[in-house]
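Novice:
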Amino acid sequence: ALDEAVVTANAGREIEFGNAVSAADRLEVLKPPYAIVARQEAAPRARLASTGWRLADGGTNLVVTTAPHVQRTRHALTVDGIKIRGSSGPGARVDLEYDLSSAAFPGWEPKAVVLAAAETSGSTRPAG
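Below is the structure:
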């Protein structure tokens with residue numbers, strides 16, 4: 001289980017987002033002089049507020065609540081203080097990257113699921 005300190009250590013942390021955003025971008029020091037790298041560096045980046053942090057499921061899951069995601073693009077979040085509950089020291093810094101390609105939230109169903117449900121309504125479940 002995670003230590004509760006991770007919640008207070010990261011409260012209010014912002015999430016960076018944009019088409020050229022990747023986890024741990026801050027660690028890239030050597031960059032080749034290619035045009036694509038220059039375009040990635042110049043690509044717009046924005047920040048998304050995190051509005052709440054909490055541990056769930058006995059401390060095995062970290063739940064981060066955010067402001068609404070305004071773009072379907074890549075997001076990067078750095079989380080400080082990741083450590084086992086009760087352990088000493090500051091903990092580890094973990095860089096996470098996500099997008100909304102597999103996100104689900106209450107009230108939203110992918111179109112394919114809705115279509116499949118419509119096509120199979122009234123049919124019987126196969127035996128076995």
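For the sequence shown, the numbering used here gives the first residue as 1, with consecutive numbering after it.
A virtual CB, placed ideally from N, CA and C, is assigned to each residue, including glycine.
1) Pick helix, strand or coil for T8, following the three-state DSSP scheme.
2) Between the alpha carbons of I36 and D57, how many angstroms are there, rounded?
3) Counting along the chain, where does the beta strand (DSSP E) carrying V70 start and finish?
4) Take the Cβ of V6 as the centre, count every other Cβ of all protein chains shown within 10 Å, and call the residue buried at 16 or more, exposed below.
5) Given this structure, state the Cα-to-Cα distance separating L55 from S101, to the nearest angstrom.
6) Whose C-beta lies closer than 7 Å to the C-beta of G59 among residues of the same chain, with five residues either side of it excluded?
7) Counting only runs of 3+ residues fully inside the stretch 37-103, write out the beta strand (DSSP E) ranges in chain order.
8) Taking the straight line between their C-alpha atoms, what separation do you get for W53 and E4?
9) For a test of the three-state rule: what should DSSP assign to L30, helix, strand or coil?
Specialist: Reading from the atomic positions:
1) helix
2) The C-alpha of I36 lies about 43 Å from the C-alpha of D57.
3) Counting along the chain, V70 falls outside any beta strand (DSSP E), and DSSP gives it neither H nor E.
4) buried
5) 24 Å
6) A1, L2 and R85
7) 46-56, 61-66, 75-82 and 92-98
8) 10 Å
9) coil
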